[in-house]
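Residue numbers (the numbering used here): 7 to 245.
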């Protein structure tokens, strides 16, 4: 009963704090996902671009953000971004001090890491699309952008989805790192509860179960998404 009291909602328990932390974790991951995937796709297209400058820039991006530890990237974005913006603001208003929003810094840092890993998945999927598909689209008179959107991207997405699913699962775990910059996510709220109640095993077990629940739910959704994406291919094969 004592443990149930610790997880109760209201002044006597930590249920509301843990729930808010879990919700913030999901919000952080869902906000980071489109940013990271869109940037990753752009980097992949840069790797496949005819321009050597674009290819070099894309390869440098992936090398840097795949090689740096995620925690270090978070510190660089948060503290480095704060210093940079303060210096820029100082040119217009001497003595100005700019504070970076922790949530946005977390989204930016995790998004850069997600983009670096996703770009490799997108690039491999891009190479898997038969060149004849692009040539057929151009032969029909489709502009380059429409050919990519209507012909290349649907096939690329189907091939890339399993790899992107793994990246999403990694992103869910990496969200725990943002607690070091004072974001009240699940891990930070859990650590606060542990510090006050002196019940580390119980609260970390609760956090573990919540993360596992997120992972199981994500796996179910992603498995369904992969099956849906492959449905058209299976029908074509059956014919």
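Backbone N, C-alpha and C fix where the C-beta goes; we use that ideal spot for every residue, glycine too.
The structure presented is a predicted model; accordingly, all values stated were derived computationally and were not measured.
Just to confirm the assignment, what range does the alpha helix (DSSP H) spanning residue 181 have? Position 175 of the chain shown, counted from the first residue, corresponds to residue 181. That residue, residue 181, is in no alpha helix (DSSP H); it is neither H nor E in DSSP.
Please identify the residue among 137, 177 and 217 whose C-alpha is closest to the C-alpha of residue 193. As a first step, residue 193 must be located in the chain shown, where it is residue number 187. If we check each option's Cα against that of residue 193, 217 comes out closest.
With a threshold of 16 other CB atoms inside 10 Å of the CB of residue 66, please say whether the residue is buried or exposed. Here the question's residue 66 lines up with position 60 in the chain shown. It counts as exposed.
Excluding the 5 residues flanking residue 163 on each side, which residues of the same chain have their C-beta closer than 7 angstroms to its C-beta? Position 157 of the chain shown holds residue 163. Around residue 163: 235.
Restricting to Cα atoms, I'd like to know which of 115, 44, 13 and 101 is closest to residue 72. Mapped onto the chain shown, residue 72 falls at position 66. Selected option, being the one with the closest Cα: 115.
Inter-residue Cα distance where the pair is residue 249 and residue 83: Coverage of the chain is limited to positions 7 through 245, which leaves residue 249 absent and any answer about it impossible.
Environment of residue 94 [buried if 16+ CB atoms lie within 10 Å]: Residue numbering aside, residue 94 sits at position 88 when the chain shown is read from its first letter. Exposed, by the Cβ-count rule.
Give the DSSP-derived three-state secondary structure of residue 146 in the structure shown. Position 140 of the chain shown, counted from the first residue, corresponds to residue 146. It is coil, neither helix nor strand.
Per-residue burial, residue 85 [other beta carbons within 10 Å of its own, 16 or more giving buried]: By one-based count along the chain shown, residue 85 stands at place 79. It is exposed - the Cβ of residue 85 has fewer than 16 other Cβ atoms within 10 Å.
Taking only the alpha-carbon atoms, compute the straight-line gap between residue 106 and residue 184 and give it to the nearest angstrom. In the chain shown, counting from the first residue as 1, residue 106 sits at position 100. In the chain shown, counting from the first residue as 1, residue 184 sits at position 178. Going from the Cα of residue 106 to the Cα of residue 184 covers about 14 angstroms.
Same chain, Cβ closer than 8 angstroms to residue 197, five either side skipped, listed in chain order: Here residue 197 refers to the residue found at position 191 when the chain shown is read from its first residue. Only 185 meet the Cβ criterion.
Measure the C-alpha to C-alpha separation of residue 199 and residue 205 and round it to an integer number of angstroms. As a working note, residue 199 is residue 193 in the chain shown. As a working note, residue 205 is residue 199 in the chain shown. Whole-angstrom Cα-Cα distance: 8 angstroms.
Just the C-alpha distance for residue 88 and residue 117, rounded to the nearest angstrom, thanks. Residue mapping note: residue 88 aligns to position 82 of the chain shown, counting from 1. Residue mapping note: residue 117 aligns to position 111 of the chain shown, counting from 1. Each residue's alpha carbon lies about 18 angstroms from the other.
Using 8 angstroms for Cβ pairs, my map puts residue 228 next to residue 174. What's the rounded Cβ distance? The residue labelled residue 228 in the question sits at position 222 within the chain shown. The residue labelled residue 174 in the question sits at position 168 within the chain shown. With a Cβ gap of about 7 angstroms, residue 228 and residue 174 count as contacting.
Exposure of residue 16, with buried meaning 16 or more beta-carbon neighbours within 10 Å: By one-based count along the chain shown, residue 16 stands at place 10. That one is exposed.
Backbone secondary structure at residue 54 - three-state DSSP: Stepping through the chain shown from its first residue, residue 54 is reached at position 48. Three-state result, residue 54: coil.
Over the uninterrupted alpha helix (DSSP H) stretch that includes residue 93, give me the two end residues. Here residue 93 refers to the residue found at position 87 when the chain shown is read from its first residue. Looking at the DSSP string, the run of the alpha helix (DSSP H) that includes residue 93 is 87 to 98.
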